[in-house]
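Notes follow the structure.
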Amino acid sequence: MRHKSTVTFQNKQAEETKNQGFFQPVSPVKKKKLTEENDDWLITYSDAVTLLLAFFVLILSVSEISQEKFEYITQGINKELLERENYKSPLNDLHESLFFVFSSNNINPDEALTKGDNFLKIELPSELLFSSASSELSEKSKTLLSNIADRIKLFPLDNFRVEIEGHSDDEPIHTTRFPSNWELSSSRAISVLKVFILRGVDNNKLKAVGYADTRPKVPNRDVNENPILENQKINRRVEIMIVKEFNQKGDMNFYL
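Position 242 (the sequence shown) corresponds to 242 in UniProt numbering; numbering is contiguous.
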């Protein structure tokens, strides 16, 4: 009987030791705490997702603003282009007027006139204006130049200048009046300038200069240094340039 009581007591003690050791069941409170610790990664994950969502929303917002700015700029450019299309440049008016002058004088306007955004160039062969080695204008050439000057005179020159350039070929000239092509080309440019002044073109806007043979349109000679007569004829010319002026800062004054 005593032996049985001893065994019962030992079994009971072992059971208590078991309950207090590794085999002790987890209490509901501790189980909840462990579960919360294991769920911490979910919080980090949700934070990352939230940050990514905020980032994409920010990118979308910036894209929408950029799109609005782009549309605004595009509309402004289209408006500007439309206004420019509807606006008729004074250079266009002068070009059309001179086109008629040259056509009436049996001169090819496409060869005589070159128009750019900021200039209009009138090119006249020297043979049309002068005799060989001379700067004296013929009566016919004076009439043509007077018609050109009359058209330019009607042109608003506030922001433009008129440059008259004399050009020669590379054949040297040695006369009492023209010791070189510099004197010849300069004298021819001045002869044209005088007609313009007589016709009432503002002389404050006029300029005459001779370039001799320093600015040929085409080569005067071939590779063997033989003269190309047709090219030399092309290079003997007078050019009248109507050009937009620059202000003191170097910016161009546009006529509007």
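In this text, a Cβ means the ideal position worked out from N, Cα and C, and glycines have one as well.
query: Given 8 Å as the limit, is there contact between the region 166 to 174 and the region 199 to 217, that is, 3 or more CB pairs closer than that?
result: These segments touch.
Opening and closing residue of the alpha helix (DSSP H) in which A208 lies: If you number the sequence shown from 1, residue 208 lands on position 208. Here A208 belongs to no alpha helix (DSSP H); instead the beta strand (DSSP E) covers 206 to 210.
query: Based on the DSSP secondary-structure assignment, which residues constitute the bridge partners of T114?
result: On the sequence shown, position 114 is the one that residue 114 refers to. According to DSSP, residue pairing for T114 in a beta bridge involves K121.
task: Could you round the C-beta distance between I148 and L193 to whole angstroms and report it? I think they count as a contact, below 8 Å.
output: Position 148 of the sequence shown, counted from the start, is the residue given in the question as residue 148. Position 193 of the sequence shown, counted from the start, is the residue given in the question as residue 193. In fact, because the Cβ distance is near 12 Å, the residues do not count as touching under 8 Å.
query: Beta-carbon separation of L94 and R151 under 8 Å?
result: Walking along the sequence shown from the start, residue 94 turns up at place 94. Walking along the sequence shown from the start, residue 151 turns up at place 151. A Cβ-Cβ contact shorter than 8 Å links L94 with R151.
query: If we call anything under 8 Å between Cβ atoms a contact, is R237 one with S126?
result: For the purposes of this step, residue 237 is identified with residue 237 of the sequence shown, where counting begins at 1. For the purposes of this step, residue 126 is identified with residue 126 of the sequence shown, where counting begins at 1. Going by C-beta atoms, R237 is nearer than 8 Å to S126.
message: Assuming the contact rule is C-beta atoms closer than 8 Å, K244 and N118 should be a hit. Round their C-beta distance to whole Å, please.
response: Within the sequence shown, the letter at position 244 stands for residue 244. Within the sequence shown, the letter at position 118 stands for residue 118. So it is a contact: roughly 4 Å between Cβ atoms.
task: Starting from R151, trace the alpha helix (DSSP H) both ways and give me its first and last residue.
output: In the sequence shown, counting from the first residue as 1, residue 151 sits at position 151. 139 to 153 is the span of the alpha helix (DSSP H), which, as asked, contains R151.
- request: Check whether the Cβ atoms of L120 and F130 lie closer than 8 Å to each other.
  value: Stepping through the sequence shown from its first residue, residue 120 is reached at position 120. Stepping through the sequence shown from its first residue, residue 130 is reached at position 130. Result no, Cβ atoms of L120 and F130 do not sit closer than 8 Å.
message: Rounded to whole angstroms, what is the Cα-Cα separation between N92 and N226?
response: Mapped onto the sequence shown, residue 92 falls at position 92. Mapped onto the sequence shown, residue 226 falls at position 226. In this model, N92 and N226 are separated by some 41 Å (Cα to Cα).
Cβ-based burial, L113 [other Cβ within 10 Å; buried from 16]: The sequence position of residue 113 within the sequence shown is 113, counting from 1. It counts as buried.
message: Let me check understanding here. Comparing Cα to Cα, which of T176, K207, G200 lies closest to I190?
response: Reading the sequence shown from its first residue, position 190 is the one you call residue 190. The candidate whose alpha carbon is nearest that of I190 is K207.
message: Closest to N235 by C-alpha separation, out of N224, N220, M241, would be which residue?
response: Taking the first residue of the sequence shown as position 1, residue 235 is located at position 235. Shortest Cα-Cα distance from N235 to any of N224, N220, M241 involves N220.
task: Closer than 8 Å by C-beta to D222: which residues in its own chain qualify, once you throw out the five before and the five after it? Chain order, please.
output: Taking the first residue of the sequence shown as 1, we reach residue 222 at position 222. So the list reads I228, once near-sequence residues are dropped.
Buried/exposed call for residue 318, threshold 16 Cβ in 10 Å: The first residue shown for the chain is 1 and the last is 256, placing residue 318 beyond what the model contains.
field: DSSP-derived helix/strand/coil call for R237
entry: For the purposes of this step, residue 237 is taken as residue 237 along the sequence shown, with counting starting at 1. Correct three-state label for R237: strand.
query: How big is the Cα-Cα spacing for G116 and L145?
result: For the purposes of this step, residue 116 is identified with residue 116 of the sequence shown, where counting begins at 1. For the purposes of this step, residue 145 is identified with residue 145 of the sequence shown, where counting begins at 1. Answer to the nearest angstrom: the Cα atoms are 22 Å apart.
- request: Starting from the Cα of H174, find the closest Cα among E123, D47, F56, A133 and give me that residue.
  value: As a first step, residue 174 is located in the sequence shown; it is residue number 174 there, counting from the start. The residue with the shortest Cα to Cα distance from H174 is A133.
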